[in-house]
Amino acid sequence: MSSLTNKRIVLGVSGSIAAYKAPDIVRRLQDLGAEVRVILTQGGAQFITELSLQATSKNKVHDNLWDKEAELSMGHIELAKWADALLIAPASANTIANLTAGKACDLLSSVVLASDCPVLIAPAMNQQMYASNGVQDNLATLVQRGIQVIDPAHGAQACGDIGEGRLAESTEIAKQVGSMFLSTKLSGKKVLITLGATIEAIDPVRYLSNHSSGKMGMALADACIEAGAQVTLIIGNISTSISEPSKQIYASSAKQMYQSVMENIKDQDIFIACAAVSDYS
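Following the numbering used here from start to finish, the sequence shown increments by one per residue and tops out at 314.
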């Protein structure tokens, strides 16, 4: 289960060419179990359509502070109360300046002011704009107020420049939103997990093994890492990707796995034996 399962995220899309990536951000958040509602600013609407965001989020897109129907129930307050987190991606230089000044000049800035949940912003703009004293001072002020900044990437930009200012990758943005909700139940605990299949040689050519993929052990490792544990993996033969960050020890045979467990188990708080160990040696 992801830390974003059943979490409610309000995504603010402001006026940057990177707004075209917003539907992918919505999908990445949904893949992790979140429900997403979108606020589209006037600037953002120059780069992405309301229909695209409505189709991907499966919710009405909010774009007008003066929407009479929405404001019957104080729409900007309702959105602020609904959200478990606010994410502004992309966050333009203008939106960042509005937030720093504490303005309530549109629906997005009003929702931010009315909210008491975590706020994350992912800046996206020309590299020279991003490096300017004005933007950097504004970002520093927002960080001091508790807003989390998802640093932009370095690379080629729409204008032809190369430098910092590209919107962070959608997967990285979703990951950082998820990190706001990570459990700390296992914080400071050390967990040792065995996983995968062992291989027992019959002769130099033949061996006995099984079809264990290691997926269950890796899922347990992911859950422990998300809960704050320091995880050590003793890995047999697997066919799945390895959890990061974790300490990794490789063991081919049952004997090697046993030796690795005995060498590492003394300072562990939790031991999970998930490997498919052969009963032949």
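Every residue gets a Cβ at the ideal spot worked out from N, C-alpha and C, and that includes glycine.
Residue i versus the options, residue with shortest Cα-Cα distance
i    : options                : result
S30  : L241, Q263, L73        : This structure does not reach residue 30, given that the chain is present from 34 up to 314, and the question cannot be answered.
D149 : L112, K136, A157       : L112
S203 : V168, Y283, T38, A122  : A122
T265 : E277, S272, I271       : E277
G247 : K218, R239, Y283, K222 : Y283
Opposing strand residues paired with residue i [DSSP bridges]
i    : result
K223 : Q263
G188 : G196
L73  : V46
K280 : T265
Q79  : DSSP output for Q79 lists no bridge partner at all.
A118 : I42
A309 : A230
Through-space distance from residue j to residue i, alpha-carbon basis
i    : j    : result
Y109 : T174 : Per the sequence shown, residue 109 should be read as His rather than Tyr. One C-alpha to the other measures close to 24 Å.
A52  : I183 : 15 Å
F304 : I298 : 7 Å
Q160 : C138 : 26 Å
L146 : W115 : 14 Å
Q263 : E83  : 43 Å
K93  : S245 : 45 Å
L215 : A201 : 21 Å
Per-residue DSSP class, three states only, for residue i
i    : result
H244 : coil
Q301 : coil
R61  : helix
L86  : helix
V94  : coil
E233 : strand
L37  : coil
V182 : strand
N171 : helix
N270 : strand
Where the alpha helix (DSSP H) through residue i begins and ends
i    : result
I206 : 203-212
S142 : 140-147
Enclosing beta strand (DSSP E) for residue i [first to last residue]
i    : result
V152 : 152-156
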